[in-house]
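Asks:
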Ligand SMILES: Nc1ncnc2c1ncn2[C@@H]1O[C@H](COP(=O)(O)OP(=O)(O)OP(=O)(O)O)[C@@H](O)[C@H]1O
Ligand SMILES: Nc1ncnc2c1ncn2[C@@H]1O[C@H](COP(=O)(O)OP(=O)(O)OP(=O)(O)O)[C@@H](O)[C@H]1O
Ligand SMILES: [Mg+2]
Ligand SMILES: [Mg+2]
Ligand SMILES: O=P([O-])([O-])[O-]
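Residue numbers (the working numbering), protein chains in the order written: chain A, 1 to 326; chain B, 1 to 440; chain C, 1 to 271; chain D, 1 to 271; chain E, 1 to 494.
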């Protein structure tokens, strides 16, 4: 095809990062009138990275947003296609909260309870059996006496992995199921997976859509518990009641400090070869990394991004200007 | 029966004929039931349409209003261009600190202590961040305003807008809402002074995408959809009709054409996202067309719409009685003439229905656009179908997934606009179809 | 009904035509197609167990009048009927009347043969089926065979009863439509040029059928053949430009018509 | 052609029929509808400027044969023709032949009237338009008027030329189709029972038309009326069960046919 | 001269040829058009075709081939240092050269000279002209760019000349061939026929494209997952191996998805077909024209409402409604107010999808039914059939081939729908028969596996391609079967 140098940055990838990238892109366009506002596509981390790894050149995208780290196999594919110089940029953290309808009493959750309520199989009398619990109160009598209904991120979402790692695996350990499972399944990986398998009898519902869908489901089933991003929750705090995990109320502060256990880092990946070729690309990345954008007092933080600690941000800026590559 | 007529029966006196029982009661009951089914069917359809429209409109009509705050803005030279270098370097005007002007005006209007940083921040948050652009455009358009004070209507920030329209429940505790009590007080002050008003929201039609609800509009999306629909109409209708004519009228009836027929039916069952995959690999990767462009979107939607139009057209062509064809052929019209002069006009209602339904489908489709990069954040208006743009359903989809409350009504507002777009688009076809409809 | 011999009935009918009761009475019937008026105050009565022939030049309103008799006009969008038509003293345009029953009692064979795109068998069994005139397969078989035989089509189609009726020749289609109408055994049969596409032999068959039916049914037939009218009918009505010119005993009509126009038409060059 | 007086032509034709050249020659024509054979090795020639009548009982293959003459059979899916048919010595089933041109030269009036669902005017002007027989509106008007006049329909429709042709009475539709075919002035005109729905006067008009056309055109007509065949044709062909029974001068045919079946058919009860 | 201008010129030549051809034909006829084999319009069109089509073909070929040719020349002429860095770098460099070339066209002679003697910075000069340049730009680029500009210009001029000559030649050729017996209509119709054929070949090309764009990735999927476990597997759980199995691979059982697809489509059809057909019948047979002309377009709006709206309708309104009403019903009967219909269920998805599909059935069928000739209706009514009997026994059978087409289209749409299912029936792949519980469809999984966080080259994503191809084949088989059935049925009648 006919390759003509582009004058507009193209970004694709995670829908979790999208709202942040949008704010940055819009502000960038306003602040740098010489450059066009970047195009930010949504299409999922996987889809974004796939486009990213198509090759180098103006007909390929410049930046892939990701709500997880790039995987080794993806990196390989990238390199094979000539995308050898990739710069990884961490923009901050996404807090993951549990919430229920605003009309409900406050929920105090611990990983163990969540594990027992949502796991596919739990240990009863030293044996793995299909999860028998139907109500939260059966799991823990302090929890409400209502049917279990949890709206958790579907497997297409990066959040799911975080949920499994930070909640289910943890709960599995706390409930003492991990040792039993290890005794039953020799393969370590398989054992770890068995710990985080979610029940499929309809009480735990996978949501492959966005948080709007989770919100709508809670609206139609007031007893449901949903998993949200912190930003989304904050915008709908009047409709939702957030649950504490291990007694900690999720907030920007508790997440940044690491007190609140469930969060994940957000990234984007830049093609170094495009820096300086695509007009404004370098400026865009620098603008993004500026404290003006991702600092604790920035619009992204106002939207709900959990800023990385000062040192980490500084390090990120240095790494980028030094041209560090994966 | 007819117990007869003999010569002896007096004239004009009729024997009462014993009527045959042809189950008339039962059949009429069946007839009434059948008719009722039809009515119920239409009513059901219309009922659902009504419910859907009602949901959308009741949620969305407020999107056509927007809260604005009219403030006397002092375009102070010491803020905009303290070193007076705009003559030499016009770009200075582009990057001036316009938000400061807004802040000063607000502080004055609300009577806040400028030193109280927390309060000032809360107050400035009430005005949309797009005020920067708004003021910049005013200054660039007319640099002579510098040094004067002008009343400017600024967009209120999304949450303030929502609160002003009553969409945020102000009864819940302060920490749980995006608008705090102080801001509510200010809102009242501004409303009372006539500075805060609700106006018709032209922005929703003219703005491009934005992360700020108050500055977000469907302009880019509508333009993108317009480009795509034009492409679809210009390509899919003629190609679809041509293909149907060939298959229905000319193609020899053999295994191959059977295969093509089945194949076309099958294409209708291909999930729309697969057309996105096709577009990505053929138009973008192979033919090198640009990503996120309405051109590619239009082509993909054309391919997606074709089966619908072809199937509808073929069905309509099939239904034209053979006597019409014989009549024309018998007069020495060629097959081509017969088809274009007689058969096609008679099949036209069906063709147009196919087009209406196909276009409606194409207009509302998001999934295939995902893979060709049209589900995106695009601020600048596309000057041509080659430039990045989005589409109406994409905008709806993206707004539906936004966290801010103000996007909820805008989502419904955008759906209303899409439906209006749909109706306008189909109107021509519907009128045309009525002209072609006739019974014989 | 078979108490009297056929000959006796015929004689009685022929001799005392005027004493035969009216099966249908048309009073001041006018028909409009949109603006255009197609019939002008036609007063025409149809006598029971009689064959009434309608004659007149093409476009004079014969089919239109025929259609008013079983309200087939209702199906034409812009068609409007005024006046009064009764069947056995009941006003058939009374809103309370049941069109379906009316049409079951007053059957019709159309001018253009219009077989259903179904098999020959289904074409004929259609009427009996919807009216519940037969139950078992055997009953249906019998009705189909009888009706086709009456229409003189049985021999030609008996081996292809399950082939589509639309694949027949023009004349065969016409006879199929006659068989279809006869299968319902209506009280009155309206026939719009039933022999127009038929060869002489088939025509003779149909005329024979009419003759036979007449003992039990009332028949109105539109024909362009004066000979046919003379052969099959007892009463003849002559239309011209939407007016009923004359209605009379057939014998009288063809020998000594009252109206000059009738005279001219009948004596017109040939028949 | 017009150098001779009409009467002279007629006389010449009548006397020396056998000397008249063949316009169309059918040799061993067989037609199959799927499995079913509808014509069996028919050898029938059509003479120039002659009216040839095809007679025979319903379903015997007259329409089928007629349709082979301008390849209208091609439009029936499962229909297959074998044998050879020529027009002016050209094999019309030759793949090189242009069917469209053939049909422009050999026009057809169908058994069932099938007007286009368009206005009367458009129905008639369609043929001339596609064949470029007229250019100006005036030309068209003239052709339309002439054709309708020839078909004896002008007076009835002259005030409603722009109303749909499908709103005409049966006989009017038939005449419209005749007018439509005549408007193209083909060399050969095939008419499948053109007068079946016509009253005697209209029939006379059409017969007159045929008579008139005959000086310039070749005509093949299917009819069920022996009288009509006798009146209008010079040659008559009799079909029976798909076979050509006899082809002969009309006079001879109706007075002294060679074949017994012809005799029986013609002498059949009435005509 | 750019391509669209040339195209415009060709069209003008074509139009002129049309006019000339027409008038020449008229002249040839000496005022008697009937001596012409074809109408003058056909002669004109033929001339236009001769002028336009060859020229446009050449133009298209040229427009594709020339840049490729120029590019390859340019690429080879890049400095060794660049070329040695691999193809990707070369591509980028090439892109840069083209930007430079673009910029050079905007410069005046003085600036060009300054550039050439190195006294001016390339990037700054171009930036001043509004042409952004990535990097500083190297000296060789100016030369390459100039060469590029020159080659492009030459190619354009040459192309314009050649193409317009061809157009003119075509026109002259056609015009000279005009004579009374010339079969222009046949020629034009042949071209039209080819055009029609070309149009219908697009359907085939689309199929090839669809299969082609999915095949290689599907094969990659089957390299890591055994086809048997995919096609016959009854568990869909891509991230977890079956309990007790040695494999660490997830389970990619197609059957639950397929079952869900067919089940939901079936329920949707069960809802849409009766409503749509009865609506069509009512509109075409009973309703007054005014009612029909309003109801029909209104129903058609249902087909244009974005599916996400339906999805939320199902999620927020229909699903909870069904759930609550089932609880009420259960309560009334058994005293136990537990809902037996889940908010997300096959039923919910089926109903909501059915609503969307109503106009597919109603509008298309309405057109077909209206097309049934009146004589058939009259025949039946004249026998004393009621309207409904006429419709059921005569009109519908006559309209059947068209209606079947409409139904197939509807079914196809039901199979291909995603968003409604996601929101109405969920994403849980379960294999069960209860319509009141959740299931999911193939298309849902295709979309979700493609657009998530999942690693893009793992079987979890690649399975989307396998699913796509499989669905394609399955619906193909279903369609073949449908065609077979329709044929068999039709044979009885037509
Ligand atoms: N399309 C068709 N498919 C099958 N058979 C047909 C078809 N058309 C005609 N036939 C059969 O072929 C034979 C000859 O038919 P044809 O129409 O030529 O008869 P015809 O002599 O014109 O009769 P009529 O005077 O009744 O019109 C008949 O038996 C008829 O049933
Ligand atoms: N649907 C219609 N719309 C408008 N005019 C009609 C319609 N049907 C018939 N006419 C007109 O009404 C008049 C009478 O028509 P009708 O069909 O009754 O004639 P007819 O006596 O049956 O003639 P034919 O012997 O030719 O069938 C004619 O002038 C005809 O053109
Ligand atoms: Mg009539
Ligand atoms: Mg015939
Ligand atoms: O869209 P995600 O990749 O962030 O789930």
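We put the CB at the ideal spot given by N, CA and C, even for glycine.
Can you tell which of 102/E, 406/E, 481/E and 118/E has its C-alpha closest to the C-alpha of residue 454/B?
Replies: Only positions 1 to 440 of chain B appear in the structure, and residue 454/B is not among them; the question remains open.
Asks: Taking the Cβ atom as the reference point for each residue, do residue 235/D and residue 68/D lie within a distance shorter than 7 Å?
Replies: No, the pair does not count as a contact, with Cβ atoms beyond the cut-off.
Asks: Contact criterion: CB-CB distance below 7 Å. Does residue 311/A meet it with respect to chain B?
Replies: Closer than 7 Å: no.
Asks: Based on Cα-Cα distance, which residue from 261/C, 244/C and 265/C lies nearest to residue 39/C?
Replies: Minimum Cα distance to residue 39/C is reached at 244/C.
Asks: Considering only C-alpha positions, which residue in the set 257/B, 277/B and 364/B is nearest to residue 306/E?
Replies: Of 257/B, 277/B and 364/B, the residue nearest in Cα terms is 364/B.
Asks: Where does residue 17/E fall in DSSP's three states?
Replies: In this structure, residue 17/E counts as helix in the three-state DSSP scheme.
Asks: According to DSSP, residue 187/B sits in a beta bridge with which residue or residues?
Replies: Answer is none; residue 187/B lacks a bridge partner.
Asks: Please compile the residues from chain E whose C-beta is within a distance smaller than 8 Å of the C-beta of residue 72/C.
Replies: Neighbours of residue 72/C on chain E, chain order: 378, 381 and 382.
Asks: Check each candidate in 225/E, 81/E and 197/E and name the one with the smallest Cα separation from residue 141/E.
Replies: Residue 81/E is the option with its Cα nearest to residue 141/E.
Asks: Under a CB-based cut-off of 7 Å, is residue 350/B close to chain D?
Replies: No, residue 350/B lies away from the interface with chain D (no Cβ there is under 7 Å from its Cβ).
Asks: Determine the direct distance from the alpha carbon of residue 358/E to that of residue 447/B, and round the result to whole angstroms.
Replies: No statement about residue 447/B is possible, as the shown extent of chain B runs from 1 to 440 and does not include it.
Asks: Let me make sure I understand the geometry here. Which of 209/E, 116/E, 276/E and 32/E has the alpha-carbon closest to that of residue 280/B?
Replies: Ranking 209/E, 116/E, 276/E and 32/E by Cα distance to residue 280/B puts 209/E first.
Asks: Using only the alpha-carbon positions, how far apart do residue 109/D and residue 203/D sit?
Replies: Their backbone Cα atoms lie some 15 Å apart in a straight line.
Asks: Cβ atoms of residue 45/C and residue 22/C: under 7 Å apart, would you say?
Replies: Yes.
Asks: Note down, in chain order, every chain C residue with its Cβ under 9 Å from the Cβ of residue 47/E.
Replies: What residue 47/E touches in chain C: nothing, since even the nearest Cβ is about 44 Å away.
Asks: Distance check for residue 156/A and residue 448/E, CA to CA, integer angstroms please.
Replies: Going from the Cα of residue 448/E to the Cα of residue 156/A covers about 6 Å.
Asks: Does the beta-carbon of residue 1/C have 16 or more other beta-carbons within 10 angstroms, so that it is buried, or is it exposed?
Replies: Here residue 1/C scores only 41 on pLDDT, less than 50, and its place in the model is too uncertain to base an answer on.
Asks: Which value, in whole angstroms, describes the spacing of the CA atoms of residue 35/A and residue 383/B?
Replies: Near 16 Å, if we compare the C-alpha coordinates of residue 383/B and residue 35/A.
Asks: Whose CA, out of 269/A, 163/A and 53/A, lies closest to the CA of residue 284/A?
Replies: Checking every option, the nearest Cα to that of residue 284/A belongs to 269/A.
Asks: From residue 476/E to residue 30/A, what does the alpha carbon distance come to, in whole angstroms?
Replies: Answer to the nearest angstrom: the Cα atoms are 51 Å apart.
Asks: Within 6 Å: the Cβ of residue 158/C and any heavy atom of ligand 1?
Replies: Flag unset: Cβ of residue 158/C not near ligand 1.
Asks: Going by the beta-carbon positions, is the gap between residue 146/A and residue 223/A smaller than 7 Å?
Replies: Yes, the pair counts as a contact, with Cβ atoms nearer than the cut-off.
Asks: Please check if any C-beta of chain E sits within less than 7 Å of the C-beta of residue 114/C.
Replies: For residue 114/C, the answer is yes, since a Cβ of chain E falls inside 7 Å of its Cβ.
Asks: Please identify, using Cβ separations under 7 Å, the residues of the region 57 to 77 of chain E that lie next to chain B, in order along the chain.
Replies: Listed in sequence order: no entries.
Asks: Which parts of the region 163 to 210 of chain C are runs of the beta strand (DSSP E), unbroken and 3 residues or longer, counting only runs that do not cross its ends?
Replies: Listed in chain order, the complete beta strand (DSSP E) runs (minimum 3 residues) inside the region 163 to 210 of chain C are 188 to 192.
Asks: Counting only Cβ-Cβ distances shorter than 7 Å, please list the residues of the region 97 to 110 of chain C near chain B, keeping chain order.
Replies: Flagged, chain order: 98, 100, 101 and 104.
Asks: Does the beta-carbon of residue 67/A, which I'm using as the reference point, lie nearer than 6 Å to any heavy atom of ligand 5?
Replies: Yes, Cβ of residue 67/A sits closer than 6 Å to a heavy atom of ligand 5.
Asks: Using the beta-carbon count (16 or more within 10 Å), is residue 236/E buried or exposed?
Replies: By the 10 Å Cβ count, residue 236/E comes out buried.
Asks: Taking the C-alpha atoms as reference points, what is the distance between residue 121/A and residue 202/E?
Replies: Straight-line Cα distance between these residues: approximately 52 Å.
Asks: Between which two residues does the alpha helix (DSSP H) carrying residue 200/E extend?
Replies: 184 to 224 is the extent of the alpha helix (DSSP H) around residue 200/E.
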